[in-house]
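See structure below.
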Amino acid sequence: MAMISFYSLTLVLSPFTPSNVYILTNNKYIDLLFFSISRAIKTNQDLLPETPWRNVFYDDFWGTLLTHSGSHKSYRPLCTLSFRLNYALAGLEPWGYHLVNVCLHGIVTGLFTTMCRPLLGGGPWSLVAGLLFAAHPVHTEAVAGVVGRADVGAGLFFLLSLLCYSHHCALRWRGPRSGRAWLWLLGSVLAAAGAMLWKEQGVTVLGVSAVYDLFIFHRFQLPQLYALLGKVGFWTPGLRCCSFFMIISQLQEILSTLSLLAGSGVGLLAARVYWMGNKPPNFSNSDNPAADSPHLLTRTLTFLHLPAANFWLLLCPDRLSFDWSMDALPLLRTFADWRNFQSLAFYAGLLFLVWYVHHNAPWDSLPPTGNLLMFSLALLTLPFLPATNLLFYVGFVVAERVLYIPSMGFCMLVTVGLRSLYVAVRSRRHRTLLLCSTVGLVLLYGAKTALRNRDWQSEETLYRSGIRVNPAKGTAAE
């Protein structure tokens with residue numbers, strides 16, 4: 001119990017790194033918090049006390065009426081309400097806005113670690129996952145930039161929804177569905193709606209919950225799912241069933257719950273589309289040049305490369321920027337572009353992980369490594385899916401803040417790999433080396449985060465840091 005308390009305290013306090021504390025106490029850093037958010041904070045009429053609070057639910061994130069032709073269609077009323085509360089307490093004093101962001105990041109980190117504990121078991125692994133998430137440099141924009149609160153708030157409700165669903169699964173397994181199980185499921189759907197009202201990608205938690213039900217709680221293997229599509233009664237060790245009739249009963253429970261999740265997701269998305277006037281937003285060509293390209297090959301190669309480029313930001317966050325518009329990521333126009341090999345390597349890696357899940361043998365205690373990999377991949381890919389431009393065009397090519405929720409899956413993926421290596425090696429020396437390397441990785445992430453926060457020292461330093469990644473921005477400003 002003392003160790004659990006120590007873990008919880010460490011993870012809640014871990015986002016309060018020296019760099020974040022420095023931002024909270026240094027006016028130069030604080031002044032810059034409004035560099036790119038004048039429309040969301042300074043000129044947003046929905047924050048003013050004389051404006052009816054109901055307007056928040058009819059306007060977009062920037063205070064423009066959703067049905068207006070110039071609306072960005074970014075519907076995030078819960079985030080706007082939090083800004084309004086900040087304004088009511090301290091006006092435009094930036095210190096309070098940033099303090100709320102850092103506190104939210106601490107709470108999200110604690111919830112993420114709480115979710116990881118039953119998945120990764122005892123020992124240091126859930127702590128490793130939490131520390132990786134707390135210190136990852138790609139979170140700098142979401143935490144240091146006030147508008148990033150939408151992503152952090154969505155992450156908070158995302159995890160609340162997932163934790164509620166895990167409680168629902170536990171109650172459902174113990175016997176016939178009771179009122180408490182229904183309440184937990186209702187809580188999960190309501191939290192998913194809350195996540196969507198913080199930011200659009202929050203609704204993807206319903207898909208992640210379905211993956212949790214199948215691969216973590218019931219510990220299905222992919223061959224079992226294939227067989228269940230053809231016939232009921234296929235069973236191997238690791239599945240939480242022990243008789244044919246129990247399989248029938250459990251399958252009915254699973255299908256009914258997954259149907260409710262799917263119906264809730266469709267209903268929430270339909271309500272959102274209706275509320276924004278049944279019209280898609282209009283984006284500037286410079287925000288997403290690939291979407292404006294007349295060549296199908298260019299659009300296809302570029303959009304297929306975007307997931308690989310974003311994954312690289314998670315894997316090696318050495319080249320970060322607050323602005324990835326214009327030509328920060330040049331279009332892929334031909335098959336001869338060497339970046340296509342990066343795309344191939346990325347998708348080949350995903351296929352390898354799926355192959356590993358397919359051939360992984362189940363364990364008897366913790367969820368099998370293959371099942372954890374599948375859940376981690378779902379947590380990584382499903383929340384990122386709306387930002388890929390593969391389903392519909394969005395107003396950016398790359399935005400580091402949208403990686404806040406997907407990075408949870410990445411941190412779990414890294415931790416599962418580290419744990420598997422630790423189990424595989426037998427030598428104490430090698431295990432010590434692995435643990436030291438893990439500590440070094442966390443410290444390296446923390447150091448990079450501190451350096452990245454220095455870019456927010458002034459408008460000039462932030463702009464210069466962006467020009468290093470996006471030289472076209474500097475040319476356009478001349």
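Quick note, the sequence shown lines up with residues 1 to 478 if you use UniProt numbering. Even for Gly, the Cβ is constructed at its ideal location relative to N, Cα and C.
Nearest candidate by alpha-carbon position, reference residue i, set the options
| i | options | result |
| --- | --- | --- |
| Ser407 | Val469, Leu329, Pro317 | Pro317 |
| Thr140 | Leu315, Met326, Leu127, His105 | His105 |
| Gly370 | Leu89, Tyr212, Pro77 | Tyr212 |
| Arg149 | Trp184, Tyr58, Ala170, Lys199 | Lys199 |
| Arg419 | Gly395, Pro367, Val143 | Pro367 |
| Ala192 | Pro124, Arg272, Gly123 | Arg272 |
| Ile41 | Gly70, Ala88, Ser69 | Ala88 |
| Leu203 | Pro289, Ala195, Arg428 | Looking at the sequence provided, one finds Val at residue 203 rather than Leu. If we check each option's Cα against that of Val203, Ala195 comes out closest. |
| Gly155 | Leu379, Ala90, Leu214 | Leu379 |
| Leu81 | Glu93, Tyr58, Ser69 | Tyr58 |
| Cys169 | Thr114, Leu258, Val425 | Leu258 |
| Trp324 | Thr64, Leu171, Val398 | Val398 |
| Pro49 | Leu65, Ala90, Gly70 | Ala90 |
| Pro330 | Leu301, Leu350, Tyr356, Trp182 | Leu301 |
| Leu315 | Gly265, Gly409, Leu385, Leu332 | Gly409 |
| Thr298 | Asp46, Leu332, Arg172 | Leu332 |
| Gly263 | Leu206, Lys279, Glu253 | Leu206 |
| Thr113 | Pro137, Val138, Leu160, Arg84 | Leu160 |
| Glu253 | Leu313, Trp173, Thr449, Gly63 | Trp173 |
| Pro137 | Phe157, Ile467, Thr449 | Thr449 |
| Phe83 | Leu413, Leu251, Glu459, Gln45 | Gln45 |
| Leu92 | Leu47, Leu171, Leu251 | Leu47 |
| Leu313 | Leu269, Asn55, Val357, Tyr445 | Tyr445 |
| Glu400 | Arg428, Leu183, Arg452, Trp184 | Arg452 |
Residue(s) in a DSSP beta bridge with residue i
| i | result |
| --- | --- |
| Leu65 | Asp59 |
Neighbour-count burial assignment, residue i, 16 or more Cβ in a 10 Å radius
| i | result |
| --- | --- |
| His295 | exposed |
| Thr43 | exposed |
| His218 | buried |
| Phe392 | exposed |
| residue 482 | Outside the shown range of the chain (1 to 478) lies residue 482, about which nothing can therefore be said. |
| Ser465 | buried |
| Ser256 | exposed |
| Trp53 | exposed |
| Ser69 | exposed |
| Gln221 | buried |
| Ala181 | buried |
| Val266 | exposed |
| Gly349 | exposed |
| Gly179 | exposed |
| Thr432 | exposed |
| Leu390 | exposed |
| Leu268 | buried |
| Leu344 | exposed |
Contacts around residue i, its chain only, beta-carbon distance under 6 Å, and the 5 residues preceding and following it disregarded
| i | result |
| --- | --- |
| Gln342 | Ala308 |
| Cys411 | Ala129, Leu132, Phe133 |
| Ser243 | Confidence at Ser243 is low in this model, with a pLDDT of 47, below 50, so the placement of that residue should be treated as unreliable; the coordinate-derived value is given next. For Ser243, where only same-chain residues beyond five positions count, there are no Cβ hits under 6 Å. |
| Thr415 | Trp125, Val128, Ala129 |
| Val402 | Ala387 |
7 Å CB neighbourhood of residue i in its chain, flanking five on each side removed
| i | result |
| --- | --- |
| Val469 | Arg319, Ser321, Ala328 |
| Leu353 | Leu373, Leu377 |
| Val152 | Asn101, Leu104, His105, Val108, Ala142, Val143, Tyr404 |
| Phe346 | Pro307, Ala308, Phe311 |
| Val208 | Leu162, Ala378, Leu379, Leu382 |
| Thr67 | Gly277 |
| Phe375 | Val211, Tyr212, Phe215, Ile216 |
| Gln86 | In the sequence on display, residue 86 carries Asn and not Gln. Cβ neighbours of Asn86 beyond the five flanking positions: Gly96, Tyr97, Val100. |
| Asp60 | Leu66, Ser71, His72, Lys73, Ser74, Tyr75 |
| Asp455 | Thr461, Leu462, Ser465 |
| Met115 | Leu159, Leu162, Leu163 |
| Phe157 | Ala191, Gly194, Ala195, Trp198, Gly202 |
Residues near residue i by beta carbon distance below 8 Å, same chain, minus five either side
| i | result |
| --- | --- |
| Ala447 | none |
| Leu434 | Leu418, Leu421, Tyr422, Val425 |
Heavy atom of the ligand ZN within 8 Å of residue i beta-carbon
| i | result |
| --- | --- |
| Ala191 | The ligand ZN is not among the ligands present in this structure, which contains no ligands whatsoever. |
Three-pair Cβ contact test at 8 Å for the region 120-136 versus the region 429-445: yes
Inter-stretch contact at 8 Å, needing at least 3 Cβ pairs: the region 162-169 / the region 182-201: Taking 8 Å as the limit for Cβ pairs, the verdict is that the region 182-201 does touch the region 162-169.
At least 3 beta-carbon pairs within less than 8 Å: the region 329-342 vs the region 298-305: Below 8 Å, enough C-beta pairs join the region 329-342 and the region 298-305 to call them touching: three or more.
Any 3 or more C-beta pairs closer than 8 Å across the region 75-92 and the region 115-124: Under the 8 Å Cβ criterion, the region 75-92 does not count as touching the region 115-124, having fewer than three qualifying pairs.
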